[in-house]
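For the sequence shown, the numbering used here assigns the number 50 to the initial residue and increments by one for each residue that follows. Just so it is clear, CB atoms sit at the ideal spot from N, CA and C, and this is done for glycine as well. Report on one structure; see the data block that follows.
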Amino acid sequence: MRLRQLSSETCRSEGCRFPQRVLAFLVLALAFVPFGFSIQHDVQQIIQRSIAATEADWREIPHFSDTERDTDTRGGTTTSRTYEVTVIDGSPYSRLVAIDDKPLSPVEQTREAQKLRRATEKRTKESQSQRAKRLAQYQNGRNRIFNLLRAMVSAFDFRIQQEGRLDGRDVYVIEATPRPGYTPTSRETRVLTGMRGKLWIDKSDYKWVKVEAEVVKPVPFGWFLAKVNPGTFFVVEQGLVAKGLWLPRRVRVEVRAKVLWFPKAYIHEETYRDYHQVSR
Numbered sequence: 050m051r052l053r054q055l056s057s058e059t060c061r062s063e064g065c066r067f068p069q070r071v072l073a074f075l076v077l078a079l080a081f082v083p084f085g086f087s088i089q090h091d092v093q094q095i096i097q098r099s100i101a102a103t104e105a106d107w108r109e110i111p112h113f114s115d116t117e118r119d120t121d122t123r124g125g126t127t128t129s130r131t132y133e134v135t136v137i138d139g140s141p142y143s144r145l146v147a148i149d150d151k152p153l154s155p156v157e158q159t160r161e162a163q164k165l166r167r168a169t170e171k172r173t174k175e176s177q178s179q180r181a182k183r184l185a186q187y188q189n190g191r192n193r194i195f196n197l198l199r200a201m202v203s204a205f206d207f208r209i210q211q212e213g214r215l216d217g218r219d220v221y222v223i224e225a226t227p228r229p230g231y232t233p234t235s236r237e238t239r240v241l242t243g244m245r246g247k248l249w250i251d252k253s254d255y256k257w258v259k260v261e262a263e264v265v266k267p268v269p270f271g272w273f274l275a276k277v278n279p280g281t282f283f284v285v286e287q288g289l290v291a292k293g294l295w296l297p298r299r300v301r302v303e304v305r306a307k308v309l310w311f312p313k314a315y316i317h318e319e320t321y322r323d324y325h326q327v328s329r
């Protein structure tokens, strides 16, 4: 569920994996429910500043490479894949480097190196219109996430539950519940109507340290052919990767859904490490 790769068509054609992370990040935004303390009157300001800070940080993601490990659990079986994520001419590319924590064989490494070379050559040879289309697809997906973040302000009622510490940081612990009467403006924001959660916000710079969210009522998702059901749960953890910059470290999604009337249940988790800034 990362913010990098939101175009499944681009990923399939250039060697990336299909971005199941979209649902997780769509809903990661949900981390909020009711509070009650002396700084109650400042809650809305805290939320607005945290959303602005998070959006500013996530806009930097295309300028960083990292190592990403994805795990999927279905029917009691867990598999993992590890990728080296690099930025090639404005959008990310994921090169597979390990399966179930075992390095690829020499033959597989050669195959992945060839895929990377072809993807690089393809982007180098793009016409101006082809490059613009690729970057627009990538940015359009990211813009949907940013629009979802902004919608949280009107989609939830907020209260401060308490103040505390998490990962060595002083934080506001904020819960949120869906606001009665909220009208979604898109398919993406519709998911906000069925969720509640909790957010840990750093008190000094208003960055998101941790988010938990859960689905509390069924929510249609995508042309009414899919429905996210109660029991779906999300966790997002972030950390400081550069001066003043926080980016995701872990995303975990436990999904309970129906697609075309068939039940789906699985767990997807992604961890990110070794962030390195690339040239702009």
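Check: With distances taken between CB atoms, is the gap from glutamate 263 to threonine 238 smaller than 8 Å?
Finding: Walking along the sequence shown from the start, residue 263 turns up at place 214. Walking along the sequence shown from the start, residue 238 turns up at place 189. No, they are not a contact pair.
Note to self: Could you compute how far the alpha carbon of arginine 235 sits from the alpha carbon of valine 268?
What the structure shows: The sequence position of residue 235 within the sequence shown is 186, counting from 1. The sequence position of residue 268 within the sequence shown is 219, counting from 1. Just to set this straight, residue 235 is serine in the shown sequence, not arginine. Taking the straight line joining both Cα atoms gives about 13 Å.
Next item on the list: Determine the DSSP secondary structure at alanine 314, reduced to helix, strand or coil.
Entry: Position 265 of the sequence shown, counted from the first residue, corresponds to residue 314. Correct three-state label for alanine 314: strand.
Next item on the list: Please state if the CB of valine 156 and the CB of arginine 218 are separated by a distance shorter than 8 Å.
Entry: For the purposes of this step, residue 218 is taken as residue 169 along the sequence shown, with counting starting at 1. For the purposes of this step, residue 156 is taken as residue 107 along the sequence shown, with counting starting at 1. At least 8 Å separates the beta-carbon of arginine 218 from that of valine 156.
Check: Would serine 253 be called buried (16 or more neighbouring beta carbons within 10 Å of its own) or exposed?
Finding: On the sequence shown, residue 253 is found 204 positions in, with the first residue counted as 1. For serine 253, the number of other beta carbons within 10 angstroms of its own is below 16, and it is reported as exposed.
Note to self: When you compare the CB positions of leucine 145 and glutamate 161, do they come within less than 8 Å of one another, or not?
What the structure shows: Position 96 of the sequence shown, counting from 1, holds the residue named residue 145. Position 112 of the sequence shown, counting from 1, holds the residue named residue 161. Their beta carbons are under 8 Å apart, which means leucine 145 touches glutamate 161 by this criterion.
Notebook entry, point to check: The alpha helix (DSSP H) with proline 351 in it runs from where to where?
Noted result: The structure shown has nothing for residue 351, since the chain only spans 50 to 329.
Check: If we call anything under 8 Å between Cβ atoms a contact, is valine 134 one with glutamate 109?
Finding: Taking the first residue of the sequence shown as 1, we reach residue 134 at position 85. Taking the first residue of the sequence shown as 1, we reach residue 109 at position 60. No, they are not a contact pair.
Item checked: Inter-residue spacing [alpha-carbon to alpha-carbon] between threonine 226 and arginine 301 -> Numbered from 1 along the sequence shown, position 177 holds the residue referred to as residue 226. Numbered from 1 along the sequence shown, position 252 holds the residue referred to as residue 301. So the alpha carbons of these two residues sit roughly 21 Å apart.
Note to self: Measuring only the C-alpha atoms, how far is proline 83 from phenylalanine 207?
What the structure shows: Numbered from 1 along the sequence shown, position 34 holds the residue referred to as residue 83. Numbered from 1 along the sequence shown, position 158 holds the residue referred to as residue 207. Any reading at proline 83 needs caution, since the residue's pLDDT is 34, under 50, leaving its predicted position unreliable; the model's value is listed next. Taking the straight line joining both Cα atoms gives about 5 Å.
Margin query: Taking DSSP's pairing of strands, which residues face arginine 218 in a bridge?
Written below: Working through the sequence shown from its first residue, we reach residue 218 at position 169. Beta-bridge partners assigned by DSSP to arginine 218: Leu215.
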